[in-house]
Amino acid sequence: MKEDIREIAKKLGLENANKPDSQDICFVENNDYSSLIPKVSTKEGDIVDTKGNILGKHTGIHSYTVGQRKGIGISSNKALYVVKIDIDNNRIVVGKERDIYSRVLNATDINWIGIPQKYILVKTRIRYHAKEAWAIIHNKGYTQQRE
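Residue numbers for the sequence shown follow our numbering, beginning at 502 and rising by one.
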């Protein structure tokens, strides 16, 4: 059946007709990837504030997500949120709620269906349960490749 779909996609000239199949991890129970990672590897690192002050330690950046407030592992008299996951330096950056917001999101390797316009008005949702918000996609440097 997949091959039939791919053939139809090729006939329609869709760019993702030759895209490889998904390689999702099918053996992870309840899609809980974080439970698998400690079995593979973990690396301790620093939890820092937005000024770089060390506030504590983490046991692996895989256990954190930007916007997370609970379960960070440090105590504070004010609410702290994960602002950034610094993979290069193995650090979790925490800050105030206002520090997690951004007016810009950069995305790469987007799978377009058809040729996108330079600007597209869309409804977006950056997290699964997040409220939808209007946004403008500004297409920078898209090049269409055909075989």
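All C-beta atoms in this analysis are idealised placements derived from N, C-alpha and C, irrespective of residue type, glycine included.
- A distance below 9 Å separates the beta carbons of D547 and H559.
- Listed as beta-bridge partners of I593 by DSSP are I548 and I586.
- Taking A510 as the centre and dropping the five residues before and after it, the same chain places the C-beta of N517 and A518 closer than 8 Å to its C-beta, in chain order.
- Here I573 is buried. Its C-beta has 16 or more other C-beta atoms within 10 Å.
- The beta-bridge partner set that DSSP reports for W635 consists of K624.
- Between the stretch 579-596 and the stretch 609-623 there are fewer than three inter-stretch CB-CB distances shorter than 8 Å, so the stretches are not counted as touching.
- If you ignore the 5 residues before and after T543, its C-beta comes within less than 6 Å of the C-beta of T560 and G561, all in its own chain and listed in chain order.
- Rounded to whole angstroms, P521 and K503 show a C-alpha spacing of 11 Å.
- Take D505, set aside five residues on each side of it, and no residue of its chain has a beta-carbon closer than 6 Å to its own.
- K619 carries a coil assignment under DSSP once its states are collapsed to helix, strand and coil.
- Rounded to the nearest angstrom, the gap between the Cα atoms of L606 and K624 is 14 Å.
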